[in-house]
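Colleague: Numbering (this note's numbering), first residue to last: 1 to 375. Backbone N, C-alpha and C define an ideal beta-carbon position, used for all residues, glycine too.
#1: Quick one: residues in its chain with C-beta nearer than 7 Å to the C-beta of residue 318, no 5 flanking neighbours on either side, listed in chain order?
#2: Return the CA-CA distance between residue 86 and residue 121, expressed in angstroms with no decimal places.
#3: CA-CA distance, residue 264 and residue 316?
#4: Relative to the alpha-carbon of residue 68, which residue among 238, 5, 110 has its alpha-carbon at the smallest distance?
#5: Just tell me which of 50, 109, 65, 261 has its CA closest to the CA of residue 77.
#6: Grab the span of the beta strand (DSSP E) containing residue 272 for me, first residue to last.
#7: Within the same chain, show all residues whose beta-carbon is closer than 7 Å to that of residue 52, passing over the 5 residues directly before and after it, in chain order.
#8: Taking DSSP's pairing of strands, which residues face residue 98 in a bridge?
#9: Here's a check: name, in chain order, each residue in its chain whose Cβ is nearer than 6 Å to the Cβ of residue 75, leaving out the five neighbours to either side.
#10: Do residue 258 and residue 200 have their CB atoms nearer than 7 Å?
#11: Which runs of the alpha helix (DSSP H), 4 residues or longer, sit entirely within the region 300 to 335?
#12: Note down, one range per segment and in chain order, each alpha helix (DSSP H) of at least 4 residues found wholly within the region 3 to 48.
#13: Report back the beta-carbon spacing between residue 99 and residue 72 to the nearest angstrom; my notes put them in contact at under 8 Å.
#14: Could you tell me whether the region 143 to 155 touches the region 33 to 41, using the rule of 3 or more Cβ pairs below 8 Å?
#15: Any idea what DSSP makes of residue 236, helix, strand or coil?
#16: So the candidates are 88, 367, 370, 355; which of them puts its Cα closest to the Cα of residue 187?
#17: So is residue 209 buried or exposed if we call it buried at 16+ other beta carbons inside 10 Å?
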């Protein structure tokens, strides 16, 4: 029997944009580990008014249709900031979702690559869902648990589709699990004492100083990660939008500043795993989803330790270990019984050592792929 006709179409209408956003909800229906993102947030992601990152990147979206039914999607992305900072001829693929259909997947990649070529791209990296400050990597190991807040998720067959389209591994990222009963390595106590003698203190964020504290966190974020491969500094508008999204469910006790001599030298950020509450909602707040979220925020018992940054000139002082240990203490006091430390680049040996000292165990691997295009 002949297979249905396959069409690859660029997203150029509101109807096609809705189909692009709706596809994952159909593909993952019945998957016990997929967490439906809020549909309102997905729509906002593609709004130039609501997404500052979208205003400074060139993005083209494509749909794959078989006999009129959407079976896949992809986006081609050119980030001028990444190109200027890391590689002039680099571009991204992102937002890849597809049925287990190698022909459709190859056609989607072909469309994205052809579009990137018109922009001078000769090296494609992905998946990168818009920027390297967003979801990066394909889940390739650790399919036995649901993703935590802001973490990527995909079906196990995705790696096969990506590799069949000619992509090879570029860089792995790890997720680590931590529980309060894990315990800290003896070296942690010694480093905390040494840091205290050196004048290092740790404090939580002041919620009533929201604007000033966020400006400080913004500056520390950009300065701490400046030398990390792939990092592109956030603009203030990009940061402010992200902070606004977190404001409804963050816990001040899980946003920490390390200070020395009255100056902030590092920070740590963990977020309660709101996916605990989103999982049963199916992506919808109406009619009662908003009420479940409001009632459940302070009952969340898991968290994701997302960011740990220290200014380069203070990294030899044990500040990262102190922040991680203080974060573990804060999580324990809040009744957090499970945490994930992610995503950490596989070649970031220093942070890997900090996580090991704090009892973290690797549970998931995410993979960034690459492909060189013929010039």
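Modeller: Once the coordinates are examined:
#1: 191, 194, 195
#2: 13 Å
#3: 15 Å
#4: 5
#5: 109
#6: 263 to 272
#7: 235, 237, 238, 241
#8: 72
#9: 59, 61, 94, 95
#10: yes
#11: 319 to 333
#12: 14 to 27, 39 to 45
#13: 6 Å
#14: yes
#15: helix
#16: 355
#17: exposed
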